[in-house]
Amino acid sequence: MESELINRTKDSKIMKATNIIDIEVYGQEIIVFYGESMEFEEYMTDRFNISVDIKSGVTAKTLDLHTRHGRKLILFVNEDYVKAFDEQYYTSITHEVYHLVGYVLRFAGIEYSLANDEPGAHITGFLNKRLYLIFETEFEN
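Using the working numbering, you'd call the opening residue of the sequence shown number 352 and step up by one each time.
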């Protein structure tokens, strides 16, 4: 079942839910955090001991972290700006998915080119579908 592919976890200090998207075929996970910028900054400090400064007006941000526990791809979506499936959602998510696809392909050693664009296209569709399922739940609450 589609929804079983999305694992929801709760951090004890942060009340917002984080979602994990597992891209098994490439051996990577993406942590999706939907909340306020201050909550995300606190989450990053508490969870990864990393200081992140989200500037005012940032709707979404992708991070490619290399920690002592391995590589972490993180997508932050700012609930102050993205509250429904509106134009801001689609432009922000599309922009960040593009970054995520690049990180996944580089990590897997796959070079993007017009002659080899199918892996990126498949990852794009996969991520958009998973993100839609995540935000469908978030926006209902």
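Using N, Cα and C, we set each Cβ at its ideal position, and we do this for glycine too. These figures come from a predicted structure and were not determined experimentally.
Within its chain, find whatever has a CB closer than 6 Å to the CB of tyrosine 454; leave out the 5 residues flanking it on each side and keep chain order.
So the list reads Asp415, Leu424, once near-sequence residues are dropped.
Report the rounded CA-to-CA distance for aspartate 437 versus phenylalanine 477, giving the unit in angstroms.
Near 20 Å, if we compare the C-alpha coordinates of phenylalanine 477 and aspartate 437.
Quick one: grab the DSSP three-state call for lysine 364.
Residue placement at lysine 364 is poorly supported in this model, since its pLDDT is 42, which falls under 50; the coordinates are not used for a value here.
For arginine 457, write down the residues that DSSP places opposite it in a beta bridge.
Note: arginine 457 sits in no beta bridge, so no partner.
Rounded to the nearest angstrom, what separates arginine 457 and phenylalanine 490 at their Cα positions?
Taking C-alpha positions only, arginine 457 is separated from phenylalanine 490 by approximately 32 Å.
Nearest to asparagine 400 by CA position, among Thr488, Glu387, Arg419, Phe384, is which residue?
With distances taken between Cα atoms, asparagine 400 lies closest to Arg419.
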